[in-house]
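This report concerns only the one structure given below.
Residue numbers (the UniProt record's numbering): 1 to 179.
Listed below in structure tokens is the structure:
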């Protein structure tokens, strides 16, 4: 009599192979998801900056885009410069975003679409989309003084990402000690 199915030994061998392979696949899948989140955050940032610039030109007024709670990684808010009205709020919690000094917290676009300092001087800078656990910048959102925005996708170690990583681990330690 011919039987179909698996013997106990065949089943145990299959389970042993799966137990060996699954952790590798899980780590690769996690890295893939984080990569997609970083790319998505960079694209959303570029879109947000372009919308803010476009609104400034369209309304013939200064428009401000700033990180929520001064943190680009929590999201951003686009509002008229006198802060009377929020035009658009975008939230993203999927990637760490850190700006260099000119773009640390906010960007203001003048009525002709140029990026400006509060003093009225032209502004340029970079926002780095960083890895969650390493001081590596995967994408850089670059703002020119003219107000144009572009994306540069270069993986490089970045001191700004390291500072943000240290601050994040210090907050986690502080919150853990409170509980």
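Heads up, the beta-carbon is just placed ideally off N, CA and C, and yes, glycines get one too.
Determine the contact status of residue 142 and residue 157, defining contact as a CB-CB distance below 7 Å. Cβ atoms of residue 142 and residue 157: not closer than 7 Å.
Counting only runs that start and end within the region 98-126, where is the beta strand (DSSP E) found for 3 or more residues in a row? Scanning the region 98-126 for uninterrupted beta strand (DSSP E) segments of 3 residues or longer gives 106-109, listed from N- to C-terminal end.
Per DSSP, the bridge partner or partners of residue 67: 76
Assuming residue 97 and residue 120 make a contact with CB atoms under 8 Å, what is their CB distance in whole Å? Residue 97 to residue 120, Cβ: 26 Å. No contact.
Report the option in 154, 145, 147, 128 whose CA atom is closest to the CA atom of residue 161. 128
For residue 102 versus residue 122, is the C-beta spacing smaller than 7 Å? no
Under 7 Å, do residue 75 and residue 90 count as touching if we go by C-beta distance? yes
Within the same chain, show all residues whose beta-carbon is closer than 7 Å to that of residue 51, passing over the 5 residues directly before and after it, in chain order. 78, 88
Which residue wins for smallest C-alpha separation from residue 81, given the options 29, 136, 10, 57? Comparing Cα-Cα distances from residue 81 to each of 29, 136, 10, 57, the minimum goes to 57.
Could you check the C-alpha separation between residue 27 and residue 133 for me, to the nearest Å? 14 Å
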